[in-house]
Structure formats: structure tokens, C-alpha cells
Amino acid sequence: DPALPHLHRDAAALGALPIAGAGAVLLVALGLALASESSAWWHGGWLVAMTGLLLAGWRAAGRAAGLEAPAGPAELPTPLAHGPAGRLAAGGLVAYHLVALLAWQLPVAPGLPSRAEIRRLVTPWVELSFTRHLWSMFGPNGPQANRGVRTTIVDRAGQIHDLRTELQRPENLRRPYLRHDRSRKVDEALGGYRTWIGPWHARYLCRRWAMDHGGEPPAEVRLERVVAPFPPLEPLDASAWFWAHAKVTPLGRMRCAAEPFAQLAPEVRARHGLPPAADGELRYAWPKPKPPDPLEPLWVVLALALGAATLRWSRRSGA
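The sequence shown begins at 134 in our numbering and counts up by one.
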């Protein structure tokens, strides 16, 4: 609109060659990062690519500024809301974010042996942008069978106690079920695709049993998955069908005396009036701190310098 000359921006655009060159630099950086198992190549490749695009954009904007301004509204180039510096900054941010999301969402497949290493490269940005999601969040798969978790406690006397935690037990099939408590949610997660929480759940069961039995922990906790196909669409006893066709697979066994964090903490014992733990009874296993990357501060400084250069260009060009 000729009436709004202060909003008119040039139509300077990056050529295909700089964009292709930046893509080639990123591919080489990715290959070097995977080969050396160092993220320095990945971060350095992005800084080199963005620096090259910044220089190419600055030259393209200079050439566009030297052209004669169009005379009428019909001959105006495509009006853009931001100048070349703003367009490059926004485009670079969107490109980096899209690449990070695509790398994070790589499926588990035999043809992607480096999936874990690629995800490790983009994890800092995914964590910073709060976009750590999975495909299952947007397209969840419905259940394909009835599942349950069997929880068995073996006390120190060798007696076996079945906690009857399977969802198909009559006492667990209340209708309507208006309140989804935490224990039921944990059992459903264990019976599904989050079996990695099994050891932590078993540690909790060790501590809970000790709290309810005078501070004496059990000898062992056993977790098993119980799976049965859906019953046919005909009148029958669904519970009887489940137990007749159920298959049991082990999820894990835990010795409460030897497992870290499977014993009651001293402050918990004191709070509930339980006798103190014997010497050497408590087990701890703290994760080893990851050695810091000596180049990590450098990437932040260089990224800030690149952003400052883009901002200065934007201010000088009025974009």
C-alpha cells in the first residue's frame, strides 16, 4: 500500500545455492557428530550454516536496496512484514525447531540404528522449548487386549501373598468407576508399554509392606503381566473368559534387602514409630553426574554473538 511506506519491505531473498550449501554443511556436521559421538560438530555445523546464510542474506539485501524503487502499487514486489534480517532470523529459528522435532520424533525401526544418538543431539533444544512429546500423544493406539498386573509379595518366612491387583478381579471391576486413583493408573501403565517403571514400583511395594508390617521389609516382590484377548461379541462371562485365556509373562523380581531405595528411610521410620533400621541395611545408588562438556559455554556465546549481529543488521536496515 503506497499510503503505508514505512511498512514496505524489500523482497530480497536467499538464492538456492546458499540454502543448499547450508543443508550440505548440516548433513556433514550430522555425520561427523554421529561418527565421533560428540555434539560439538552438530552445534558447530549450525553456527557455520547460519553464519553463511547471514552473510548471503546481507549481500542479497544490499543488492535489493540498490535497485530503483518501483513507481506504482501494481509494480511493487511482494510486500513483507519484516526486513531481510527479521526474515532470516525467523526462518532460521523455524528451520532449527522443525529439524529438532523431526529428529525427536524418529520412529523405532531397524533402518534407524542411530536414532538414539540423533535424539541426543537435539535433546537440549527439545527440553528448552518444552516440546518433548511422542507420536502416541497425538495418535494413540487403542488397546488390543485386556491387560492386568499381578503383584506377589514373598515375606521373610517364605510365605507368598497375592495382592490381587489385576483389574479383572471382581473387587476391581466396580461399575461405574468414577475415580481413577494412582495405583490403578500405575498398574495400567505397567501392563501396557511403560514397563520401565516396574523397578520403581517394586521399590515402593517393598517400602509400603515394611511400613504396614512393623518395619520388616519383604524378601521379594514379583511383578507379572496378565494378558488375554478380547472376548467375542456374544453373551458370555467376560471375567471367566479372561482367566481361561490369560497368559502370564514376568515383568521383574526384586530382592528388597539388596535393591537401592527399597528400604524405609530413617525419618519415615521415626515418623511412624517404627524401630530404626539395622546398621548397613539401607541401600543407596546415586546416579553418577555426567561430565560437563567443556565446549558448552562456547556454543551459547557464539549463538548470542550471531544473534547480536542479526539484531544490529536489523536495526541498521530498519527491519
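For each residue, glycine too, the CB sits at the ideal point set by N, CA and C. Please read these numbers as outputs of a predicted model, since none were measured by experiment.
Beta strand (DSSP E) segment containing Val354, residue limits: Glu353 to Ala361
4 or more residues per run - each alpha helix (DSSP H) lying fully within the region 333-418: 371-378 and 399-404
Quick one: does the C-beta of Ala441 sit closer than 6 Å to a heavy atom of the ligand MN? No copy of the ligand MN appears in this structure; indeed no ligand is present at all.
Provide the residue(s) that pair with Asp295 in DSSP beta bridges, ordered along the chain. Thr285
What is the rounded straight-line gap between the Cα of Leu147 and the Cα of Gly178? 19 Å
Mind reading off the beta-carbon distance from Glu89 to Val381? Whole number of angstroms is fine, and I expect it under 8 Å. In the structure as shown, the chain starts at 134 and stops at 452, and residue 89 therefore has no counterpart that could be examined.
Taking 7 Å as the threshold (beta carbon to beta carbon), is Pro362 in contact with chain D? Here there is only one protein chain, and chain D is not present.
Could you name the residues of the same chain whose beta carbon sits closer than 8 Å to that of Leu384, not counting the 5 residues immediately before and after it, in chain order? Val282, Leu323, Thr328, Gly331, Leu356, Glu357 and Arg358
Who are Asn305's beta bridge partners in DSSP? According to DSSP, which records beta bridges pairwise, Asn305 is partnered with nothing at all.
By alpha-carbon positions, which one of Gly154, Ser316, Arg253 and Ile286 ends up nearest to Met387? Ile286
Can you tell me whether His334 is buried or exposed? The criterion is at least 16 other CB atoms within 10 Å of its CB, across all chains shown. buried
Along the chain, where does the alpha helix (DSSP H) containing Pro151 start, and where does it finish? Ala149 to Ser169
Determine the direct distance from the alpha carbon of Ala166 to that of Tyr326, and round the result to whole angstroms. 31 Å
Buried or exposed by the 16-neighbour rule on C-beta atoms within 10 Å, applied to Ser316: exposed
Residues in the same chain with beta-carbon distance under 8 Å from Ala236, minus the five sequence neighbours each way, listed in chain order, please. Ile251, Arg252, Leu254 and Val255
So Pro151 and Leu186 are in contact, right, with Cβ under 8 Å, and what is the actual spacing, rounded? 6 Å
Which same chain residues, not among the five before or five after Val181, have their C-beta less than 7 Å away from its C-beta? Val158
8 Å contact criterion, which Arg445 and Ala395 should meet: CB distance rounded: About 58 Å separates the two Cβ atoms, so there is no contact after all.
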